[in-house]
Amino acid sequence: MTQDELLVLIYKKDEKAFTHLYDMYSKSLFSVIKVLVKNTEEAEDVLQEVFVKIWKNIDSYHESKGRFYTWILNIARNTSIDKLRSKNFNNSQKNLSSDNFVHLFEDSNKVVNKIDAIGIQEFVKKLKPKCIQIIDLLFFKGYTQQEASDELEIPLGTVKTHNRNCINDLRNYLKV
Amino acid sequence: METKQYIESGILELYVYGLLSEAENLEVAEMAKKNPAINDEIIAIEKAIVALSSSFSPFHSVANYEKIKAKLELKHADVIELEPSRNWSQYMGWAAAIILLLGIGYQYNQLDQTSNKVTTTTIEKVKLEKDLNALQLINKANETSLAVVRDSKNTVVALGGQAVAPESFAKVYWNKETKVVYVDAAGLPEPPKGMVYQVWALKLNPLTPTSIGLLEKFEVNNQKMFVVNNAEEAEAFGITLEPAGGSITPTMEQLYTLGKV
Numbered sequence: 003m004t005q006d007e008l009l010v011l012i013y014k015k016d017e018k019a020f021t022h023l024y025d026m027y028s029k030s031l032f033s034v035i036k037v038l039v040k041n042t043e044e045a046e047d048v049l050q051e052v053f054v055k056i057w058k059n060i061d062s063y064h065e066s067k068g069r070f071y072t073w074i075l076n077i078a079r080n081t082s083i084d085k086l087r088s089k090n091f092n093n094s095q096k097n098l099s100s101d102n103f104v105h106l107f108e109d110s111n112k113v114v115n116k117i118d119a120i121g122i123q124e125f126v127k128k129l130k131p132k133c134i135q136i137i138d139l140l141f142f143k144g145y146t147q148q149e150a151s152d153e154l155e156i157p158l159g160t161v162k163t164h165n166r167n168c169i170n171d172l173r174n175y176l177k178v
Numbered sequence: 124m125e126t127k128q129y130i131e132s133g134i135l136e137l138y139v140y141g142l143l144s145e146a147e148n149l150e151v152a153e154m155a156k157k158n159p160a161i162n163d164e165i166i167a168i169e170k171a172i173v174a175l176s177s178s179f180s181p182f183h184s185v186a187n188y189e190k191i192k193a194k195l196e197l198k199h200a201d202v203i204e205l206e207p208s209r210n211w212s213q214y215m216g217w218a219a220a221i222i223l224l225l226g227i228g229y230q231y232n233q234l235d236q237t238s239n240k241v242t243t244t245t246i247e248k249v250k251l252e253k254d255l256n257a258l259q260l261i262n263k264a265n266e267t268s269l270a271v272v273r274d275s276k277n278t279v280v281a282l283g284g285q286a287v288a289p290e291s292f293a294k295v296y297w298n299k300e301t302k303v304v305y306v307d308a309a310g311l312p313e314p315p316k317g318m319v320y321q322v323w324a325l326k327l328n329p330l331t332p333t334s335i336g337l338l339e340k341f342e343v344n345n346q347k348m349f350v351v352n353n354a355e356e357a358e359a360f361g362i363t364l365e366p367a368g369g370s371i372t373p374t375m376e377q378l379y380t381l382g383k384v
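Order-wise, the sequence lines are chains Y and U.
Mapped onto this note's numbering, the consecutive letters of the first sequence carry residue numbers 3 to 178.
Mapped onto this note's numbering, the consecutive letters of the second sequence carry residue numbers 124 to 384.
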């Protein structure tokens, strides 16, 4: 099912749409949440909160605002950050920059879609460390280009293209 | 060429990541609408990043999904969906459950019946034991009576019927050594209500009656064999009918039986 087909169902408030929505995006969002929140129990709480928000606020999404996936990704990031702020902000900030999304795989052998994951893990090993860092900061942690440039000590103007090249490597591997 | 440059700039990735300002966002959305190449590129980037992030998703419990559905009150959607997909195993399950239930019911009924039987049997046993006890008591009484009758040390005094009751008779067994007196009153009619037989040891010259006891509970004594008080000296024994509790002196008009030693 494509995102457009899903949206048709969601707008109809078709209850099956929720199942499709969850199947398509819960893993992706959970990995983002987990990178930010770390604690599994809290991350699961956040995931629940995120899906409740998506479903309840679906009418406030318009295609003119951007991709539906981008909209729910932002909800996941913002809810995670709210969760962190409600806890000890400083400690969380420290944690935030200490490790990247690859740790999700190293931390746990209970990764969903193990076969796919092992394939991608192999690929990630081949991926340049700079690529892991940049995808981690921009996509998973939602850093601005300026923040990423400061963190990685690369010129601001190169952040975008750098990321583009990394994603191209990924796309070649995934053939998309 | 402008499209290619636009794509190569890397702005579409940031668009998917959700890192652009509102103005930039609107611009990209507009471009994507007009230019299918840009739109396709966005979809491809999205696919790649969703695949990457999904593959790194740690395990999260299925319960999570149910919790969310419960929060959204979508709980019943699945239940309705399940209905058409009936299958045999479902029926077998119910059938097995019903059979099990019937089985348990039957077993319970059997158990109930058995325990009823046990109770009945126990009651019967208690009743039989009672009967046996009673029989043993009667037997013992009979043995006692027989022993009294057989005892050679006992002097047997036959008491014959007197004017009031010529048909009646009695026997006294008197052990002169131990002075114990037994009275066999089988030949006496049941005393009227409120009356009791009183046994007297008599000395004849002059006639001196000494009460040696009452034949109490006459009607329930099957053997009609009574032990009364010891008689020290006696030349004759007599039995009179007296008001309940007995009298100090015998009512001679009501002398039933009398016999000399």
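Think of the CB as a built atom: it goes at the ideal place given N, C-alpha and C, for glycine as much as any other residue.
Quick caveat, the model's predicted, so the values are computed rather than measured.
Spell out the partners DSSP gives Y305 (chain U) in its beta bridges. For the purposes of this step, residue 305 (chain U) is taken as residue 182 along the second sequence, with counting starting at 1. Under the DSSP definition of a beta bridge, Y305 (chain U) partners with U:Y296, U:V350.
Would you mind telling me which residues of chain U sit closer than 8 Å to V178 (chain Y), beta carbon to beta carbon, in chain order? Position 176 of the first sequence, counting from 1, holds the residue named residue 178 (chain Y). Chain U residues near V178 (chain Y): A167, K170, A171, A174.
Could one say the Cβ of K157 (chain U) lies closer than 9 Å to chain Y's Cβ atoms, at least one of them? Within the second sequence, the letter at position 34 stands for residue 157 (chain U). Interface annotation, K157 (chain U): not in contact with chain Y, CB-CB separation never under 9 Å.
For the region 41-75 of chain Y, which residues have a beta carbon sitting closer than 8 Å to at least one beta carbon of chain U? Listed by position, the residues of the region 41-75 of chain Y near chain U (Cβ gap below 8 Å) are T42, A45, E46, L49, Q50, F53, V54, W57, K58, E65, S66, K67, G68, R69, Y71, T72, W73, L75.
Chain U beta carbons: is any one of them nearer than 9 Å to that of V10 (chain Y)? For the purposes of this step, residue 10 (chain Y) is identified with residue 8 of the first sequence, where counting begins at 1. Output row for V10 (chain Y): interface = no.
Between A152 (chain U) and the rest of its own chain, which residues show a CB-CB distance below 6 Å, the 5 nearest in sequence each way excluded? Position 29 of the second sequence, counted from the start, is the residue given in the question as residue 152 (chain U). No residues qualify anywhere along the chain.
Going along the region 161-174 of chain Y in order, which residues come within less than 7 Å of chain U, judged by CB to CB distance? For the region 161-174 of chain Y, the set of positions with a beta-carbon nearer than 7 Å to some beta-carbon of chain U reads K162, T163, N165, R166, I169, L172, R173 in chain order.
Would you call the region 354-362 of chain U and the region 310-329 of chain U touching, i.e. three or more CB-CB distances under 8 Å? Yes, since at least three Cβ pairs between the region 354-362 of chain U and the region 310-329 of chain U fall closer than 8 Å, the two stretches touch.
Does DSSP put D171 (chain Y) in a helix, in a strand, or in coil? To locate residue 171 (chain Y), count along the first sequence from 1; it is residue 169. Helix at D171 (chain Y).
What residues from the region 177-194 of chain U come within 8 Å of chain Y, judged by C-beta to C-beta, listed N to C? Listed in chain order, the positions of the region 177-194 of chain U with a beta carbon within less than 8 Å of a beta carbon of chain Y are S177, S178, F179, S180, P181, F182, H183, S184, N187, Y188, K190, I191, K192, K194.
Excluding the five sequence neighbours on either side, which residues of its own chain have a C-beta within less than 8 Å of the C-beta of V114 (chain Y), listed in chain order? In the first sequence, the residue the question calls residue 114 (chain Y) occupies position 112. Because the pLDDT of V114 (chain Y) is 49, which lies under 50, any placement of that residue in the model is unreliable, and the number read from its coordinates should be weighed accordingly. Excluding positions up to five away in sequence, the list reads K29.
Unbroken beta strand (DSSP E) run spanning S30 (chain Y), endpoints: The residue labelled residue 30 (chain Y) in the question sits at position 28 within the first sequence. That residue, S30 (chain Y), is in no beta strand (DSSP E); its alpha helix (DSSP H) goes 17-39.
Since T146 (chain Y) meets chain U, which of its residues come closer than 7 Å, beta carbon to beta carbon? Walking along the first sequence from the start, residue 146 (chain Y) turns up at place 144. Among the residues of chain U, those whose CB is under 7 Å from the CB of T146 (chain Y) are L142, following chain order.
Contact with chain Y by A146 (chain U), beta-carbon distance below 9 Å: Counted from its first residue, the second sequence places residue 146 (chain U) at position 23. By this cut-off, A146 (chain U) is not an interface position.
Quick one: which chain Y residues come within Cβ less than 9 Å of E125 (chain U)? As a position in the second sequence, residue 125 (chain U) is number 2, starting the count at 1. Residues of chain Y with a Cβ closer than 9 Å to the Cβ of E125 (chain U) do not exist, since the nearest Cβ in that chain sits about 17 Å away.
Helix, strand or coil at Q285 (chain U) according to DSSP, with G and I counted as helix: One-based indexing of the second sequence puts residue 285 (chain U) at position 162. In the structure shown, Q285 (chain U) sits in coil (DSSP, three-state: anything other than H, G, I, E or B).
Using only the alpha-carbon positions, how far apart do Y138 (chain U) and K36 (chain Y) sit? Residue mapping note: residue 138 (chain U) aligns to position 15 of the second sequence, counting from 1. Residue mapping note: residue 36 (chain Y) aligns to position 34 of the first sequence, counting from 1. Distance from the CA atom of Y138 (chain U) to the CA atom of K36 (chain Y), rounded to whole angstroms, is 22 Å.
Please return the same chain residues whose Cβ sits closer than 6 Å to the Cβ of A264 (chain U), not counting the five positions on each side in sequence. For the purposes of this step, residue 264 (chain U) is identified with residue 141 of the second sequence, where counting begins at 1. Q346, listed in sequence order.
For Y214 (chain U) and I227 (chain U), I'd like the C-alpha separation in whole angstroms. Translated into the one-based positions of the second sequence, residue 214 (chain U) becomes position 91. Translated into the one-based positions of the second sequence, residue 227 (chain U) becomes position 104. Straight through space, the alpha carbons of I227 (chain U) and Y214 (chain U) are spaced by roughly 20 Å.
Rounded distance between the beta-carbons of V271 (chain U) and W297 (chain U), thought under 8 Å: Locating residue 297 (chain U) in the second sequence gives position 174, where the first residue counts as 1. Locating residue 271 (chain U) in the second sequence gives position 148, where the first residue counts as 1. About 10 Å separates the two Cβ atoms, so there is no contact after all.
Flag this pair as yes or no: are the beta carbons of L195 (chain U) and F20 (chain Y) separated by less than 9 Å? Locating residue 195 (chain U) in the second sequence gives position 72, counting from the first residue. Locating residue 20 (chain Y) in the first sequence gives position 18, counting from the first residue. Taking 9 Å as the Cβ cut-off, L195 (chain U) and F20 (chain Y) qualify as a contacting pair.
Could you check what DSSP says for N277 (chain U) in three-state terms: helix, strand or coil? Taking the first residue of the second sequence as 1, we reach residue 277 (chain U) at position 154. Taken through DSSP and simplified to helix, strand or coil, N277 (chain U) comes out as strand.
What does the alpha-carbon distance come out to for the pair I169 (chain Y) and K130 (chain Y)? Along the first sequence, read from residue 1 onward, the residue named residue 169 (chain Y) stands at position 167. Along the first sequence, read from residue 1 onward, the residue named residue 130 (chain Y) stands at position 128. Near 11 Å, if we compare the C-alpha coordinates of K130 (chain Y) and I169 (chain Y).
Is the region 240-258 of chain U touching the region 324-343 of chain U, taking contact as three or more C-beta pairs under 8 Å? Contact fails: fewer than three Cβ-Cβ distances are below 8 Å.
Quick one: what's got a C-beta closer than 6 Å to Y129 (chain U)'s C-beta in the same chain, skipping five residues either side? Residue 129 (chain U) sits at position 6 when you count from the first residue of the second sequence. Cβ within range, chain order: n/a, list empty.
According to DSSP, is I3 (chain Y) part of a helix, a strand, or is it coil? Within the first sequence, residue 3 (chain Y) is the residue found at index 1, counting from 1. Reading the sequence as shown, one finds Met at residue 3 (chain Y) and not Ile. It is coil, neither helix nor strand.
Can you pull the DSSP bridge partners for M318 (chain U)? As a first step, residue 318 (chain U) is located in the second sequence; it is residue number 195 there, counting from the start. Note: M318 (chain U) sits in a beta bridge opposite U:P366.
Every unbroken alpha helix (DSSP H) within the region 130-160 of chain Y, with a cutoff of 4 residues, ordered by chain: Listed in chain order, they are 131-137, 147-154.
Residue of U:G310, U:L135, U:Q377, U:P289 minimising C-alpha distance to R69 (chain Y): Taking the first sequence and counting its residues from 1, one reaches residue 69 (chain Y) at position 67. The shortest C-alpha separation from R69 (chain Y) is found at U:L135.
Just to confirm before moving on: does the CB-CB distance between K55 (chain Y) and T72 (chain Y) stay below 9 Å? As a first step, residue 55 (chain Y) must be located in the first sequence, where it is residue number 53. As a first step, residue 72 (chain Y) must be located in the first sequence, where it is residue number 70. Going by C-beta atoms, K55 (chain Y) is not nearer than 9 Å to T72 (chain Y).
Can you tell me whether K127 (chain Y) is buried or exposed, with buried defined as 16 or more other CB within 10 angstroms of its CB? Reading the first sequence from its first residue, position 125 is the one you call residue 127 (chain Y). Classification for K127 (chain Y): exposed.
For M348 (chain U) versus S268 (chain U), is the C-beta distance shorter than 9 Å? One-based indexing of the second sequence puts residue 348 (chain U) at position 225. One-based indexing of the second sequence puts residue 268 (chain U) at position 145. The answer is yes: Cβ separation under 9 Å.
Give me the Cβ distance between L142 (chain U) and L172 (chain Y), rounded to the nearest whole Å; I'm assuming they're in contact under 8 Å. Translated into the one-based positions of the second sequence, residue 142 (chain U) becomes position 19. Translated into the one-based positions of the first sequence, residue 172 (chain Y) becomes position 170. With a contact defined as Cβ atoms closer than 8 Å, L142 (chain U) and L172 (chain Y) miss out at about 17 Å.
Would you call the region 306-318 of chain U and the region 285-296 of chain U in contact, with 3 or more CB pairs under 8 Å? When Cβ pairs closer than 8 Å are counted between the two stretches, the region 306-318 of chain U is seen to touch the region 285-296 of chain U, the count reaching three or more.
What three-state label does DSSP hand S132 (chain U) in the structure shown? As a working note, residue 132 (chain U) is residue 9 in the second sequence. Reduced to three states, the DSSP call for S132 (chain U) is coil.
According to a CB-to-CB cut-off of less than 9 Å, which residues of the region 127-140 of chain U neighbour chain Y? Identification of residues in the region 127-140 of chain U having a C-beta nearer than 9 Å to some C-beta of chain Y yields I130, E131, S132, G133, I134, L135, E136, L137, Y138, V139, Y140, given in sequence order.
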